[in-house]
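Visitor:
2 protein chains.
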Amino acid sequence: MTTLAVDSVPHGFRGAILDFVGDPFYGAIEDCVRYWPDGLLVVAAGRVVACGAYDDLQGEFPNLDITAYPHRLLMPGFIDTHIHFPQMTMMAAYGEQLLAWLERYTFPIEAQFKDPAFARPMADRFLTELLRHGTTTALVLAAVFPESAEVLFEAAAARNLRLIAGKVMMDRNAPDYLLDTATDSYADSRRLIETWHKRGRLLYAVTPRFAVTSTPEQLSLAGKLLQEFPDVYLHTHLSENVDEVALVKATYPDHDGYLDVYDRAGLVGDRSIFAHGVQLTEAEFARLSEAGAAIAFCPSSNLFLGSGCFPIEKAKSTITPIKVGLGSDVGAGTSFSILQTAQDAYKVAQLRRQKLSAFQGLFLATLGGARALNLEAHIGNFLPGKEADFVVLDPCATPALALRHPNSLAQNHPVGTVAPDLETVADLAFALMLLGDDRAITATYILGELAYDQSA
Amino acid sequence: MTTLAVDSVPHGFRGAILDFVGDPFYGAIEDCVRYWPDGLLVVAAGRVVACGAYDDLQGEFPNLDITAYPHRLLMPGFIDTHIHFPQMTMMAAYGEQLLAWLERYTFPIEAQFKDPAFARPMADRFLTELLRHGTTTALVLAAVFPESAEVLFEAAAARNLRLIAGKVMMDRNAPDYLLDTATDSYADSRRLIETWHKRGRLLYAVTPRFAVTSTPEQLSLAGKLLQEFPDVYLHTHLSENVDEVALVKATYPDHDGYLDVYDRAGLVGDRSIFAHGVQLTEAEFARLSEAGAAIAFCPSSNLFLGSGCFPIEKAKSTITPIKVGLGSDVGAGTSFSILQTAQDAYKVAQLRRQKLSAFQGLFLATLGGARALNLEAHIGNFLPGKEADFVVLDPCATPALALRHPNSLAQNHPVGTVAPDLETVADLAFALMLLGDDRAITATYILGELAYDQSA
């Protein structure tokens, strides 16, 4: 896989186009969602030049070379705010909740990723799976071994991906073969930051696994890294499962709860992303809101491990607003697909008697994820200047989807009418969110270049 | 579609074979599960003649014509114990819980099925979807219109399916265009029973929609039908959602709860299948157990509508044992796939801190469903004499499944080794249950004849 050439001559993509310019959890739909039934996305040098109605824009670009996607919906690439690279081979491991699942399945599997000869081809397969599912940016945990982060960054660099990753830091309460030391984890993370952070589109996340598997010294050194490199990220787990919260309390008896462990180490800021948060207290919601930190909502994983139902309405309240993205959390999540993840987000919301609309779900999958990762200046929608990472969705990809949208099978429009208006596309998008999976991803583009083509 | 010929010359199917001869919720795995890594299923005249290890059986059938399925797992066909034919076009309808969902989406859609010209091709597509997902027997609600049951029986007869269905009875609390009357519903159901019940493999279920949409008179006439035709089924909904239970209480203030409404009408017996049961009381569990009635567990639907988490451990207790099958409950369920339904059953169990093993889940999908429908004498496993409805599963159907089972990709065994032993196949079956969908169905056989072929 070589570095992709990025064409500086404008190129157009024509199809139905949907993106978000505001948060539909707060604003009026019309102010947050943009939809063009027959849209044109113009890209040059890997960035969005213009996006709008085909009829309005085509005159501005008279000799534009256009790729037409009739009967397809173009959206910004999906953003996965929490996923484990070394767990890609262990989805659907039976019968345990979080802590036993880690011991029985996860730790032995992660040990394989010490060997670059094993990990390197896996990194390539991992990124292939992301693109095949329409995910163009992810916040990724590597294994504890610096090599596992190296091979992932190498593979992502070769594909020009905007990826955030970090080597896991863990210096206690795990098998010896998976432990680093506080000082080694500091030195290794530092070296990785110096090598990979802001190299091309890549970014680094300081990644202590979770409070229980780090000594206070290691957490403190993680905090030191954040001070030394103020634009790297902090990525860890928080309040996923009842037993885990109890274990953190027992491990840190002098702290005021789980979040406080991270807070005292200087790990809670506006570039911190905490996965899960299912068991958060009201005070912790308030503290995350105040700090500008983000939560990666991982409903598929939370169901699979029986961790519980994240109260998204609290994170999306006006009292304690918190940035939220969706996380597949593979291998505890049961799909790489952010659409399937959003399906489970809907189910989790319904169990709490909350409604999660298609626009809310797809906002989380795109602009919401970009905001959670502080990347709104670069990705998340089709505003001019944004990096042109996008997906081409097939609203009739499976018989169940086609049954749901018989009208979209009509072939008599020059570029195909996916849905004529916002109300209709809301319904179609909801069906995609509930019934769609990798089969609904016709193509994935990175910086305007074709990076995955289902028909190939 | 013409009636399939059923060949009386024995034919063999070779592959890994898994079935159940006991209930793994109670018995030891070794007593309940049969697994042959290299198995042979011998079929003649549509029935199982023998099933066992290829090496043991092949000598008994020296000139046997064999269809080989290397790298594939053969299992008894899946059984869907609760699904709505007229809801196949309305999966993923947004934003409501049960009662509002019925009013806003379901009732208008079901009105379309009055016209046989519309309903007839839909019946064919419906059965195609069942077979495409590996479902060989289903307990189906038609619409209120007798025509909708007619076309479904006609289509199922043409495919030789063992299908149980019934016209819905509903004479109040729904839009006028969907209402029958108590006497009409009695007469129509009676005529359908006389025409279709036990015609070939078809069976009839008396199908009052639920307590709220039937008058006491209609329920009483449903009970009369059960007395007049003691081998027909009773199929209805029970205790799905908190608001629904409250509405039943308000509608029947003199009754002792939801189940009692059916009980007093003579509808609770050992041929009664009640969908959901999420909100059942202890006393109702005891009464269902005593009556020998069955529950259709519909986890995907229960999540989608936010109805709650069915406590399967109570139905599978030794105190109040109840027959249980899985129901997709399309269109509130989010997939026709019984594998996907079992995935959601696992998630629901995990939320209750219960474990649902692959063998338990696949038992529910096959022999458990057959027992719930009192059809164990005919279907559900590969004992000699059983009707030869079966599925051919691909344990590496998707990249996620293949990543989970790299060993099963080995090509060096003459018929392919899916898994060498019970422990390994348990793990493989769990991955199929969690990650599998229609793509995992290589082929579906009805009475030993190929009825669906993914490669065709």
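From first to last, the protein sequence lines are chains A and B. So in this note's numbering, the last spot in the first sequence is 456, and the numbers never skip. So in this note's numbering, the last spot in the second sequence is 1456, and the numbers never skip. Positions of the beta carbon are idealized from the N, C-alpha and C atoms, including for glycine.
Terminal residues of the continuous alpha helix (DSSP H) containing A:Glu129?
Guide: To locate residue 129 of chain A, count along the first sequence from 1; it is residue 129. Element bounds for A:Glu129: Pro116 to Arg132.
Visitor: To which residues of the same chain is A:Lys167 closer than 8 Å at the C-beta, ignoring the five residues directly before and after it?
Guide: Locating residue 167 of chain A in the first sequence gives position 167, where the first residue counts as 1. Taken in chain order, the residues that qualify are Ala142, Ala143, Val144, Phe145, Pro146, Ser148, Ala149, Ser185, Asp188, Ser189, Leu192 and Thr207.
Visitor: Where does B:Tyr1204 fall in DSSP's three states?
Guide: Here residue 1204 of chain B refers to the residue found at position 204 when the second sequence is read from its first residue. If DSSP states are grouped into helix, strand and coil, B:Tyr1204 belongs with the strands.
Visitor: Under 7 Å between beta-carbons, which chain A residues line up against B:Met1088? List them in chain order, please.
Guide: The sequence position of residue 1088 of chain B within the second sequence is 88, counting from 1. Correct list: Leu403.
Visitor: Report the neighbours of A:Gly39 on chain B: residues whose CB is nearer than 8 Å to its CB, in chain order.
Guide: Numbered from its first residue, the first sequence carries residue 39 of chain A at position 39. Correct list: empty, because the minimum Cβ distance to chain B is about 23 Å.
Visitor: Would you call the CB atoms of A:Leu356 and A:Pro395 closer than 8 Å?
Guide: Taking the first residue of the first sequence as 1, we reach residue 356 of chain A at position 356. Taking the first residue of the first sequence as 1, we reach residue 395 of chain A at position 395. No, the pair does not count as a contact, with Cβ atoms beyond the cut-off.
Visitor: Given that B:Pro1399 touches chain A, what residues does it touch there, using C-beta distances under 9 Å?
Guide: The residue given as residue 1399 of chain B occupies position 399 in the second sequence. Ordered by position in chain A, the residues that pass the 9 Å Cβ test against B:Pro1399 are Arg125, Thr128, Glu129, Arg132, Phe336 and Asp438.
Visitor: Which residues, in chain order, does the region 1066-1099 of chain B contribute to contact with chain A at a C-beta distance below 9 Å?
Guide: Answer in chain order: Met1088, Thr1089, Met1090, Met1091, Ala1092, Ala1093, Tyr1094, Gly1095, Glu1096 and Gln1097.
Visitor: For A:Ala451 and A:Asp389, I'd like the C-alpha separation in whole angstroms.
Guide: Translated into the one-based positions of the first sequence, residue 451 of chain A becomes position 451. Translated into the one-based positions of the first sequence, residue 389 of chain A becomes position 389. Between A:Ala451 and A:Asp389, the C-alpha separation is close to 10 Å.
Visitor: Under a CB-based cut-off of 8 Å, is A:Leu434 close to chain B?
Guide: As a working mapping, residue 434 of chain A is identified with position 434 in the first sequence. Closer than 8 Å to some Cβ of chain B, the Cβ of A:Leu434 qualifies, so yes.
Visitor: Of all Cβ atoms in chain B, is any one closer than 8 Å to the Cβ of A:Gln454?
Guide: As a working note, residue 454 of chain A is residue 454 in the first sequence. No - not a single Cβ of chain B is within 8 Å of the one on A:Gln454.
Visitor: Of all the beta strand (DSSP E) runs that stay within the bounds of the region 209-267 of chain A, which reach a length of 3 or more residues?
Guide: Listed in chain order, the complete beta strand (DSSP E) runs (minimum 3 residues) inside the region 209-267 of chain A are 233-238.
Visitor: Would you verify that the beta carbon of A:Leu428 is, or is not, closer than 8 Å to some beta carbon of chain B?
Guide: Here the question's residue 428 of chain A lines up with position 428 in the first sequence. Closer than 8 Å: no.
Visitor: Please tell me whether A:Phe359 has its Cβ less than 8 Å away from any Cβ of chain B.
Guide: Locating residue 359 of chain A in the first sequence gives position 359, where the first residue counts as 1. False, the Cβ-Cβ gap to chain B never drops below 8 Å.
Visitor: So, is the C-beta of A:Leu267 closer than 8 Å to a C-beta in chain B?
Guide: Reading the first sequence from its first residue, position 267 is the one you call residue 267 of chain A. For A:Leu267, the answer is no, since every Cβ of chain B falls outside 8 Å of its Cβ.
Visitor: Nearest chain A C-beta to B:Phe1304 closer than 8 Å, yes or no?
Guide: Start at 1 with the first residue of the second sequence, and residue 1304 of chain B comes out as number 304. Interface residue, yes.
Visitor: State yes or no: is the beta carbon of B:Arg1120 nearer than 8 Å to at least one beta carbon in chain A?
Guide: Mapped onto the second sequence, residue 1120 of chain B falls at position 120. No, its Cβ sits nowhere closer than 8 Å to a Cβ of chain A.
Visitor: Using a Cβ-Cβ distance cut-off of 8 Å, determine whether A:Arg104 contacts chain B.
Guide: Position 104 of the first sequence, counting from 1, holds the residue named residue 104 of chain A. Not one chain B Cβ lies under 8 Å of A:Arg104.
Visitor: In terms of alpha-carbon separation, which member of A:Glu376, A:Thr136 and A:Leu73 lies closest to A:Val418?
Guide: Sequence index remark: in the first sequence, residue 418 of chain A carries index 418 (1-based). Nearest option by C-alpha distance: A:Leu73.
Visitor: Using DSSP with H/G/I as helix, E/B as strand and the rest coil, what is A:Ala440?
Guide: Residue 440 of chain A sits at position 440 when you count from the first residue of the first sequence. A:Ala440: helix per DSSP, three-state reduction.
Visitor: Taking C-beta pairs closer than 7 Å, name the residues in chain E that A:Ala431 reaches, listed in chain order.
Guide: Reference to chain E is not applicable here, since the protein chains of this structure are A and B.
Visitor: With a CB to CB cut of under 6 Å and the five nearest residues on each side skipped, what residues in its chain are close to B:Val1048?
Guide: If you number the second sequence from 1, residue 1048 of chain B lands on position 48. For B:Val1048, where only same-chain residues beyond five positions count, the Cβ hits under 6 Å are Phe1382, Pro1384, Lys1386 and Ala1388.
Visitor: Taking buried to mean at least 16 other C-beta atoms within 10 Å of its own C-beta, is A:Phe118 buried or exposed?
Guide: Taking the first sequence and counting its residues from 1, the one referred to as residue 118 of chain A is at position 118. The residue in question, A:Phe118, is exposed, as its Cβ has fewer than 16 Cβ neighbours within 10 Å.
Visitor: A:Ala402 to B:Asp1260, Cα distance in whole Å?
Guide: Translated into the one-based positions of the first sequence, residue 402 of chain A becomes position 402. Translated into the one-based positions of the second sequence, residue 1260 of chain B becomes position 260. Looking at the two C-alpha atoms, the distance is approximately 41 Å.
Visitor: For A:Pro76, name the three-state secondary structure that DSSP assigns.
Guide: Numbered from 1 along the first sequence, position 76 holds the residue referred to as residue 76 of chain A. Strand at A:Pro76.
Visitor: For A:His413, which residues from the same chain have a beta carbon less than 6 Å from its beta carbon, with the 5 sequence-adjacent residues on both sides left out?
Guide: For the purposes of this step, residue 413 of chain A is identified with residue 413 of the first sequence, where counting begins at 1. Unreliable positioning characterises A:His413 in this predicted model, as indicated by a pLDDT of 44, which lies under 50. A coordinate reading is not provided.
Visitor: Using DSSP's beta-bridge definition, name the partner residues of B:Ile1017.
Guide: Position 17 of the second sequence, counted from the start, is the residue given in the question as residue 1017 of chain B. The partner list for B:Ile1017 (beta bridge, DSSP) reads B:Trp1036 and B:Leu1074.
Visitor: Starting from the Cα of B:Gln1343, find the closest Cα among A:Leu130, A:Glu30 and A:Met91 and give me that residue.
Guide: Along the second sequence, one-based indexing puts residue 1343 of chain B at 343. Of the candidates A:Leu130, A:Glu30 and A:Met91, the one whose C-alpha sits nearest the C-alpha of B:Gln1343 is A:Met91.
Visitor: If we ignore side chains and look at the alpha-carbon of each, how far apart do A:Phe274 and A:Ala332 end up?
Guide: Numbered from its first residue, the first sequence carries residue 274 of chain A at position 274. Numbered from its first residue, the first sequence carries residue 332 of chain A at position 332. Computed Cα separation, rounded: 16 Å.
Visitor: Could you tell me whether any Cβ in chain B is nearer than 8 Å to the Cβ of A:Lys347?
Guide: For this step, residue 347 of chain A is matched to residue 347 along the first sequence. For A:Lys347, the answer is yes, since a Cβ of chain B falls inside 8 Å of its Cβ.
Visitor: Starting from B:Ile1295, follow the beta strand (DSSP E) in both directions and report where the run begins and ends.
Guide: Counting from one through the second sequence, the residue named residue 1295 of chain B turns up at place 295. Run containing B:Ile1295: Ala1294 to Phe1297, per the beta strand (DSSP E) assignment.
Visitor: Apart from the five residues on each side of it in sequence, which residues of its chain come closer than 8 Å, Cβ to Cβ, to A:Thr67?
Guide: Reading the first sequence from its first residue, position 67 is the one you call residue 67 of chain A. Closer than 8 Å at the Cβ level, and outside the excluded window around A:Thr67, lie His11, Gly12, Phe13 and Arg14.
Visitor: Can you find a CB in chain B that lies within less than 8 Å of the CB of A:Leu219?
Guide: Numbered from 1 along the first sequence, position 219 holds the residue referred to as residue 219 of chain A. Not closer than 8 Å to any Cβ of chain B, the Cβ of A:Leu219 fails to qualify, so no.
Visitor: Count the other CB atoms, across all protein chains shown, that sit within 10 Å of the CB of A:Val415; report buried if there are 16 or more and exposed otherwise.
Guide: Mapped onto the first sequence, residue 415 of chain A falls at position 415. In this predicted model, A:Val415 has a pLDDT of only 47, less than 50, meaning its place in the structure is not dependable; the value taken from the coordinates is given anyway. The residue is buried, with at least 16 neighbouring Cβ atoms inside 10 Å.
Visitor: Distance cutoff 8 Å, beta carbons only. Does A:Lys249 sit that close to anything in chain B?
Guide: Taking the first sequence and counting its residues from 1, the one referred to as residue 249 of chain A is at position 249. It does not; no Cβ of chain B falls within 8 Å.
Visitor: List, in chain order, every chain B residue whose beta-carbon is nearer than 8 Å to that of A:Gln343.
Guide: Counting from 1 along the first sequence, the entry for residue 343 of chain A is found at position 343. Thr1334, listed in chain order.
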